Structure formats: structure tokens, C-alpha cells
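Here is the structure we will look at, set down as C-alpha cells.
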Amino acid sequence: MSLALYAVLAALVAVAAYSLRSVGRRPANYPPGPPTLPIIGNLHLMPKEKPHLQFQKWAEEYGPVYSLILGTKVMVVLSSDQAVKDLLDKRSGIYSSRPDMYLGQIVSNGCRMLLMPYGDTWRMIRKIVHLNLNVKAARTYVPYQELENKAMLVGFLESPDLFIDHIRRYTNSLNTQMIFGFRTTSIDDPKLKQLYSGFEKFSELMGETTAKLVDLFPLLRSLPDSALPLRKYAKKLHEKESELYVGYWLNVKKAIKNGTAKPCFCVDLVRAQDEENFSDELAGYVSGSLLEAGSDTTSATLIGFIQAMILFPTVSATARSELDLICGARLPTLSDLPNLPYIRGCVKESMRWMPTAILGVPHAVIRDDEYMGYKIPKGAGVLWNVWAIHNDAAHGGGGGE
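Under our numbering, the first residue of the sequence shown carries the number 595, and numbering increases by one thereafter.
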């Protein structure tokens, strides 16, 4: 009996060893990259801080398209504008999915478009969003922008030390008007604070080592909550997040149905729900995710702009001179933009100099592909190093850390 048991155990060990023999190794036809170790691949080389800088160094060594082997997963890193255009733009039909982000999906209950895999639901949501947030539709929101930026300027005058809070109120209120039809009038609004706090906790969770390990080694997901406490934490984050997003949605949906709502994105979302019959939770996450993205990314860019003006006072003085010349004593409007080339340059440079999503959000390819003679395997994550592209010396890029 003991011999039979030993034989079974030996066979299991042999099967496991055979199954793991290629884990962590880079096949010869994949894009090049740093040397790997068995099982873990390049995990031991992954930087804990400022990953964009290390990724930029690897691009200089291995080229604009290289691969990182992360346990059972493959991450292809794009570090040139041409590679991004060729793959994420021209081949978007197969590069628009997302890698599996286990804990992130628990927080979102699978409803966050940012993490949603390519498929029918993703296409339906994208169509709804595109119809309401394209360039033509954006022009209808200009009055909201003019109202909210004046309210922000008043806030700057009254309490300049709270400029970050005033910027966040501005971007949040602009988005609540566009999406739900109401304003956020105070920097102390509890739902405003909940939105930013919730997104900060979500981002921190996604950056946790454990969150990354359960993505790279899916077997770990079978662990109980006692051994995987972040899963329990993710469930609690979902409860709070869903309460906010679905709460916003149900309130505006009720107003739309009884005819008291103001024009906003959710009017079309209600119509789409009636046609497609999707859940209130999904509708809440579609509208809530737009609020989250529009509030956080825009405020981060504006805060970066103020940091740049402090660091480069001569730029600020030149921009002010242009405003004085074109606008005189009145406040500028968007109609002045064609006559403000230096200001336009400052806007673009703000987005280049300090990009909000410094490594973008990883995409995933849905079938095998080939690029520059390399195989990009089905399911591989595709990361675009926004920092490296924006600081490409070949295109005149450059900037601080």
C-alpha cells in the first residue's frame, strides 16, 4: 500500500514538474526582454517604485516593443508612439480587451468598463458612451464649463491654500452636471469626498503585491478569505462603491421617469436600459465610472499644471502676457483659444509633462498576433509606457521625474 502511495505521489510530482517546466520562461519568438528565472520569470526584477523609469531603461536596451514574463502571464510593453498606433489603434479590434484583474473585478462586481473584457457588453457600453461624449456632444457642455470654472476661481480667491479641493470640486461638479444633471457646490460635499477616497482605496488595492500575485498565479484564488484578506476588503469596497454609484443612478433615473430631470448623459442611458434591459447595477457603474474618470483624471492634470507654473515662473509670466494682450480685463472663454497659441501649448505640455495614467491601463490581445517579427500570444497583457513615449528624445521629449 505504501509503495502504491509513493508511486502515486511520485507521479503527481512528475506531472506538476512537467506542467511547470515552461512557466517563467520566454519563448524564442516572443519580443525580447530581461533574463528570466524558472516559475517567476521577471517578477524579481519588477520595480517597487517609479516603474515607468525602469520600463524606459528596458526599452532603451531591448527596443520599443519588449516582453516581461510574469509567472504564468506575459506582458508586452510598448514604448513608442508608432507601436501604440499600429497595435492599440489600427488593430483595436483584437487589442481592446483587458487582462484579468481578479480583485479589481470583485470591487466592481464585473461592471466597471475600465476592467471589462472585450465582448458584447463592452461594445454596447462603448457605443452608448461614444454617442454622448464625442467632440460634437462636448460642445453642448461648454456652458457648464464656464459656470464651474468661475466658481473655482472664486474658491481660489477665498481660500487659495485649498486649491486642490477647489479643483476637485470643479471637475466633479462639471461631471455631475454632464452625467446626472446636478451640481456639486461645496468642497465639503460628503459624496465628493467619498468618490475621491473610494477611488484612492481602489487604486491602492490594485497596486498591492497580493493583488498582482492572484492575477499572475490564479491558483491562489482558491485560498479562503482568512488566507486572502484583501478579497474580503475588496468586497467591502464594492459595497461602498455600489452604494454611491447605483444611488446616483437610481435618483436620476427616477427624476427622468417623472420628467423632472435636467438634460444629461443618463437620459440616454435610461433609454438604452429600456432597449437592452441591462441591470441598474451596470447602469450605475457606467455612469459612476464616467464620473470617477472625469473627476480624477481632469483634476490631476490641472494640479500638475499648477505645479508646472510654480516650477517654471517664466512660462507663467509669458502666458499671462498673452492673456492680457488678447483678453484685456475680461476672463477668457473657449472662443479665444485660436488666438492663444502659447496657452494652447501650455495645455498640451501639461498633459505631456505629467501624464495622469503614467503607464496607461493594460490592454489584452484576444488572439495570437505578430508584430515586428515577434509573436504576441493570445491573452498577453499590453502595457503602453506613456512616460517613455512622452519623453522620447527623438521627438523632442524631456522632463523631470
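All C-beta atoms in this analysis are idealised placements derived from N, C-alpha and C, irrespective of residue type, glycine included. Note that the structure is predicted; figures quoted are calculated from it, not measured.
Asked, Found
"Nonlocal neighbours in the same chain, by C-beta distance under 6 Å from residue 978, ignoring five residues either side", "672, 678, 954"
"Reference residue 984; option with closest CA among 962, 784, 950", "950"
"Rounded separation between residue 936 and residue 916 - CA only", "7 Å"
"Proximity to residue 845 [Cα-Cα], best of 864, 759, 831", "864"
"Residue 797 burial status per 10 Å Cβ neighbour count (16 or more: buried)", "exposed"
"Secondary structure of residue 720, DSSP reduced to three states", "helix"
"Selected residue, minimal CA-CA separation from residue 961, among 972, 843, 952", "972"
"In DSSP terms, what residue 691 is bridged to", "958"
"Per DSSP, the bridge partner or partners of residue 978", "672"
"Nearest-angstrom Cα separation, counted from residue 947 out to residue 903", "12 Å"
"Given 8 Å, three or more beta-carbon pairs between the region 805 to 816 and the region 654 to 673", "yes"
"Opposing strand residues paired with residue 964 [DSSP bridges]", "969"
"Cutoff 8 Å: residue 767 Cβ touching any chain C Cβ", "The structure shown contains no chain C, having only a single protein chain."
"Residue 871 classed as buried or exposed, judged by whether at least 16 other C-beta atoms fall within 10 angstroms", "exposed"
"Where residue 663 sits in the DSSP three-state scheme", "strand"
"Residue environment, residue 996, which counts as buried when at least 16 other CB atoms sit within 10 Å", "Only positions 595 to 995 of the chain appear in this structure, which leaves residue 996 out of reach."
"Stretch pair the region 777 to 797 + the region 821 to 839: three plus CB contacts closer than 8 Å", "yes"
"Residues near residue 777 in its chain [Cβ-Cβ closer than 7 Å; skip 5 each side]", "767, 770, 771"
"Rounded C-alpha distance that separates residue 876 from residue 914", "45 Å"
"Per-residue burial, residue 623 [other beta carbons within 10 Å of its own, 16 or more giving buried]", "exposed"
"Span separating the alpha-carbon of residue 612 from that of residue 621", "Residue placement at residue 612 cannot be trusted, given a pLDDT of 41 that sits under 50; what the coordinates show is reported in the next sentence. Taking the straight line joining both Cα atoms gives about 16 Å."
"For residue 749, three-class secondary structure by DSSP", "helix"
"Alpha carbon of residue 987 to alpha carbon of residue 650, nearest angstrom", "12 Å"
"Integer-rounded CB distance, given that residue 941 should sit under 8 Å from residue 689", "The Cβ separation is near 28 Å, so there is no contact."
"Residue 897 and residue 758 closer than 8 Å at C-beta", "yes"
"C-alpha distance - residue 754 paired with residue 888, whole-angstrom precision", "23 Å"
"Other residues of its chain near residue 742: CB distance less than 7 Å, five sequence neighbours each side excluded", "764, 767, 768"
"Helix, strand or coil at residue 888 [DSSP, three-state]", "helix"
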